[in-house]
Amino acid sequence: MTTGNSITLLHNGDEIFPAMLQAITSAQRRVDFCTYVYWKSAIANKFASALAERAKSGVAVHLVVDAIGGATMDTRTLTRLERAGVQVAWFRPLTVKHLLQANHRTHRKILVVDGVIGFTGGVGIAEEWTGRAHSPHHWRETHSRLTGPVCQELTAAFCDNWLVATGRKLLPLEQTPSDQPLPTPGTYRDVSITAIASRGGQRPAVLETEFLRAFARARHNINLTTAYFVPNEKITQALIQAARRGVLVRIITNGPRTNHRFTRWCSRSLYAPLLDAGIKIFEYSPTVLHSKTLTIDGQWSHIGSANVDDRSLLLNDEFDISIEHADLSAELDAAFADDLSHCVTIASQTWIQRSWLYRTLERSAWLLRTQV
10 MTTGNSITLL HNGDEIFPAM LQAITSAQRR VDFCTYVYWK SAIANKFASA LAERAKSGVA
70 VHLVVDAIGG ATMDTRTLTR LERAGVQVAW FRPLTVKHLL QANHRTHRKI LVVDGVIGFT
130 GGVGIAEEWT GRAHSPHHWR ETHSRLTGPV CQELTAAFCD NWLVATGRKL LPLEQTPSDQ
190 PLPTPGTYRD VSITAIASRG GQRPAVLETE FLRAFARARH NINLTTAYFV PNEKITQALI
250 QAARRGVLVR IITNGPRTNH RFTRWCSRSL YAPLLDAGIK IFEYSPTVLH SKTLTIDGQW
310 SHIGSANVDD RSLLLNDEFD ISIEHADLSA ELDAAFADDL SHCVTIASQT WIQRSWLYRT
370 LERSAWLLRT QV
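Counting in our numbering, the sequence shown runs from 10 upward without gaps.
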């Protein structure tokens, strides 16, 4: 845990992307940027322009893109970045060298500017994340802007992926008090934040442990928003035990507009025991839900890149943060309530009456649940 941090919550692309681009254009010494998705799009071009301009100005710009998540990156954009002096690294390309670890991707979303301004959460660099979740083509997302000592943790996680991708060590920048930026509007100050940088294949699985501890200490309510909800047996039992001791457990996940239909079938194959325990499940309807947030008892919050599935908890590199702050939890709970108003409730009484076709699809998908 680090203390003395500041955090601003950013909801949807209209808030997320301008803040990230403004930070990049303000860089004086270094930009460290890691992303899973960098798809061909107008917003991807804007980021490329900002990164290239800083590199041409003498700023050290490092970019790590997952070789699978960024496979559709525009080759012209890549050439433009490299010619400008941006150091671009691909995380575990599908070659013989990386064959044994090909299933372990970096799903981290990290941006650190001059070592003092950081961003993390769930956003990818693609047109789908632009806007304000106002149409089926603009996804629902939650991200965060950070300043303070926690930025050292973001830098360390970035340097970890940089080492894997390039074989070269990258050291953090030395900081002085004068380097600290001024807080932005809507900022929570003097916040204690725990950074969780998980690695695929790591045991014990630190993110899984973090979720289990959070569910175990809940006394009143659990509000969980996750794009892909395929809980393993440990997570399932922890949620059921919380519900049985009187905790109000509410889960929002993707509805029919999901971008991973197979994952949704897996998810739905696991609803029955949760519904039987009294857990409330809601499916988001307007667009793709990509947020990954959790609040416990209105006091503790969790934001990051990880979904509640084995791919995030056990296989991928992820970066999440946990925060003890009632006002920040209240903002996330307000966003949760707003999302609920756009959801369809999964009722236990009618769940067992769904068609045989969906039951068959869900049971078939269940067999591959550990890989989604």
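Think of the CB as a built atom: it goes at the ideal place given N, C-alpha and C, for glycine as much as any other residue. Here the structure is a predicted model, which is why all the values come from computation and not from measurement.
Query                                                                                                                                                                   : Result
What is the C-beta distance between V392 and G133, in whole angstroms, given that I count them as a contact (C-beta under 8 Å)?                                         : Look at the range of the chain in this structure, 10 to 381, and you will see that residue 392 is not part of it.
Classify R9: buried if its beta carbon has 16 or more other beta carbons within 10 angstroms, exposed otherwise.                                                        : Because the chain in this structure spans residues 10 to 381, residue 9 falls outside the shown range and cannot be described.
Can you give the Cα-Cα distance for N170 and Q110, rounded to whole angstroms?                                                                                          : 13 Å
Can you tell me whether Y280 is helix, strand or coil according to DSSP?                                                                                                : helix
Helix, strand or coil for R149 per DSSP?                                                                                                                                : strand
How many whole angstroms separate the CB atoms of F291 and I261, which I take to be in contact at a CB cut-off of 8 Å?                                                  : 5 Å
My guess is that F42 and H20 are in contact by the Cβ rule of under 8 Å, so how many angstroms apart are they, rounded?                                                 : Not really, about 21 Å apart at Cβ, beyond 8 Å.
Distance, Cα to Cα, L303 vs A135?                                                                                                                                       : 24 Å
Determine the burial state of S35: buried for a count of at least 16 other Cβ atoms within 10 Å of its Cβ, exposed for fewer.                                           : exposed
When DSSP labels each residue in this structure, what does Q189 get in the three-state scheme?                                                                          : coil
Ignore the nearest five residues each way along the sequence and tell me which others in A9's own chain have a CB closer than 7 Å to its CB.                            : No answer is possible for residue 9: the residues shown for the chain start at 10 and end at 381.
Since I believe E333 is in contact with G313 (beta carbons under 8 Å), could you give me their beta-carbon distance rounded to a whole number of angstroms?             : Rounded, the Cβ-Cβ distance is 16 Å, inconsistent with contact.
Terminal residues of the continuous beta strand (DSSP E) containing T115?                                                                                               : Premise fails: T115 is in no beta strand (DSSP E) and is neither H nor E.
Is it right to say E219 is buried, meaning 16 or more other beta carbons lie within 10 angstroms of its own, or is it exposed?                                          : buried
Which residues in the same chain as L60 place their Cβ atom closer than 8 Å to its Cβ, once the five residues preceding and following it in sequence are excluded?      : I33, V40, F42, V70, L72, L90, A93 and V95
With 16 as the cutoff for other CB atoms within 10 Å, does D318 come out buried or exposed?                                                                             : buried
In terms of residues, what are the limits of the alpha helix (DSSP H) holding N54?                                                                                      : A51 to K65
Which two residues bound the contiguous beta strand (DSSP E) that contains I249?                                                                                        : No beta strand (DSSP E) holds I249; the alpha helix (DSSP H) holding it covers E242 to R253.
In terms of residues, what are the limits of the beta strand (DSSP E) holding G195?                                                                                     : Counting along the chain, G195 falls outside any beta strand (DSSP E), and DSSP gives it neither H nor E.
Quick one: what's R39 bridged to in DSSP?                                                                                                                               : A69
Assign A335 to buried or exposed, taking buried as 16 or more other Cβ atoms, counted over all protein chains shown, within 10 Å of its Cβ.                             : exposed
Where does K178 sit, in a helix, a strand or coil, going by DSSP?                                                                                                       : coil
Check whether the Cβ atoms of G22 and R141 lie closer than 9 Å to each other.                                                                                           : yes
Excluding the five sequence neighbours on either side, which residues of its own chain have a C-beta within less than 6 Å of the C-beta of L179, listed in chain order? : C168 and W171
Confirm, please, whether the CB-CB distance from R253 to A286 is below 9 Å.                                                                                             : yes
Helix or strand or just coil, what does DSSP make of L18?                                                                                                               : strand
Since G157 contacts S15 with CB under 8 Å, what's their CB separation in whole angstroms?                                                                               : 6 Å
Excluding the five sequence neighbours on either side, which residues of its own chain have a C-beta within less than 8 Å of the C-beta of A165, listed in chain order? : P181 and A206
What number of angstroms, rounded off, separates the C-alpha of R117 from the C-alpha of Q161?                                                                          : 15 Å
Quick one: Cα of T17 to Cα of Y197, how far?                                                                                                                            : 6 Å
Does the separation of the CB atoms of A225 and L163 fall below 9 Å?                                                                                                    : no
Kindly indicate which three-state DSSP category I33 falls into: helix, strand or coil?                                                                                  : helix
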